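Numbering-wise (my numbering), the sequence shown opens with residue 855 and increments by one.
Please read the structure below before turning to the comments.
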Amino acid sequence: MRMDVWRQARAAVAAIAMAWAAVAAAQDAPLLFDGGRAMAHLQAQCAFGPRVPGTRAHEQAARYFVEQFQALGLQPLEQRFTARPALLNRRETRMVNILARLGEDGAPSVAITAHWDSRPIAEFDPSPSLRSTPISGANDGASGAAVVLELARVFSDRPTTVGLLFALVDGEDLGTTTWPKEYCLGSKYLAPRLKPEWNVRLAINLDMVGDRNLHYTLERYGAQASPDFHAFCWGIGREIAPAAFTGRDERGIFDDHVIFLRAGIPAFNLIDFDYPYWHTQDDTPMRCSAESLETSGKVAESIVRRLETVPWDFSVGSLPPETDRY
């Protein structure tokens, strides 16, 4: 009996040692994120045309995302809903969040999110005649989705102990100054429907992460509501790309991460909001680069890898009152 107990103890110690060795190897291993692959996803989305909800291009892009997740052996979930936003003339419009998971039920998980729709107007275009036409949304829409797809490949090829929920959310870019509550419709639909078995405890949102001239914005809402998680993520970013994480652009941005913060989930927004082609017809693939996508992807990949080794005791508090209008 004593020998059996001893053997069991030795086996348990060996298993623990192997697990820690695997974690250490993952930490020491080179990052796998490939900016070229992400750029191909960005270009594929833009080739469909503007992904405005209710259009054929929107349907084609949704099918593309489902097929990409399936090709990795994942089982995507299509979370369908409808809305009547002012920018779409109050027509009842079908939208869809596309989700995929890695990890076992109940495992503490990170939601990696990005919106995939593109804006139906170009209100900041220098040409007045183009302001009522939809944009390509290469950076504002396709870039975040492209990074999410490539991260799904990365973590399928080299699994993590962290549970992951990949969430491509729809209807983010349909709000206006008159109708601010019509922003982030997909995340507003998703957040209250997160299943208990998904155990989503943190969120990383990727938006406008492909700009050739990459300088991430220090986003104040997340920094105020979840200062420790924001500092954790920002610090990792500075390790990887110090020139892009200077904090020279600092402002509050209402984005999908705020919906998770409202739900009590610490969330970080990786975004370069200092983008001169925002909501113009010039937001095209030529304004983006594989190098910027790779930097963004490696930051997110590194955050997840680091989360394998630290306690998840990040806090979440109050958002500024100004966010209540959204």
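Where is the CB? At the ideal position from N, CA and C, for every residue including glycine.
These numbers come from a predicted model, not from an experiment.
Check                                                                                                                                                                                       : Outcome
Look up Y1180 in the DSSP assignment and say whether it is helix, strand or coil.                                                                                                           : coil
Is the Cβ-Cβ distance between L1060 and R1116 less than 8 Å?                                                                                                                                : no
Let me know if D1082 comes out buried or exposed under the rule of 16 or more other beta-carbons within 10 Å of its beta-carbon.                                                            : exposed
Rounded C-beta distance between A1154 and I966? I'm assuming under 8 Å.                                                                                                                     : 6 Å
May I ask which residues mark the beginning and end of the beta strand (DSSP E) holding A1021?                                                                                              : G1017 to V1023
With DSSP collapsed to three states, give me the class of A1000.                                                                                                                            : helix
Tell me where the beta strand (DSSP E) around F1122 begins and ends.                                                                                                                        : A1121 to I1125
Look at the alpha carbon of D1126 and the alpha carbon of Y1070, and state the distance between them as a whole number of angstroms.                                                        : 4 Å
What are the boundary residues of the beta strand (DSSP E) that includes A1097?                                                                                                             : That residue, A1097, is in no beta strand (DSSP E); it is neither H nor E in DSSP.
Could you give the residue range of the beta strand (DSSP E) that holds E932?                                                                                                               : L931 to A937
Since H1069 is in the alpha helix (DSSP H), which residue starts that stretch and which ends it?                                                                                            : Segment: none, H1069 is in no alpha helix (DSSP H) and carries neither H nor E.
Since A894 is in the beta strand (DSSP E), which residue starts that stretch and which ends it?                                                                                             : No beta strand (DSSP E) holds A894; the alpha helix (DSSP H) holding it covers G889 to A901.
Which of helix, strand or coil does DSSP assign to D1027?                                                                                                                                   : strand
Can you check DSSP and say which residues form a bridge with V964?                                                                                                                          : L1018 and L1056
Can you have a look at G1017 and say buried or exposed, based on whether 16 or more other CB atoms are within 10 angstroms of its CB?                                                       : buried
Quick one: Cα of A869 to Cα of L1005, how far?                                                                                                                                              : Reliability of the predicted coordinates at A869 is poor, the pLDDT of 34 falling under 50, and no value is obtained from them.
Here's a check: name, in chain order, each residue in its chain whose Cβ is nearer than 8 Å to the Cβ of E1093, leaving out the five neighbours to either side.                             : S1156
Taking 7 Å as the limit between beta carbons, can you name the residues of its chain near G1118, skipping five residues before and five after?                                              : V1170
Please go through the same chain and pick out, in chain order, the residues whose beta-carbon is closer than 7 Å to the beta-carbon of Q924, but skip the five residues on each side of it. : P930
What does the Cβ neighbour count give for E921, buried or exposed, with the cut at 16 atoms within 10 Å?                                                                                    : exposed
Near E1036, which residues of its chain fall below 6 Å by C-beta distance, leaving aside the five closest residues on each side in sequence?                                                : P939, L1028 and G1029
Could you spell out the range, first to last residue, of the beta strand (DSSP E) harbouring I975?                                                                                          : I975 -> no beta strand (DSSP E), and no H or E assigned at all.
I'd like the span of the alpha helix (DSSP H) that includes I1157, first residue to last.                                                                                                   : A1144 to L1161
Anyone know if the C-beta pair for Q899 and R905 falls short of 8 Å?                                                                                                                        : yes
Taking only the alpha-carbon atoms, compute the straight-line gap between T1163 and L942 and give it to the nearest angstrom.                                                               : 46 Å
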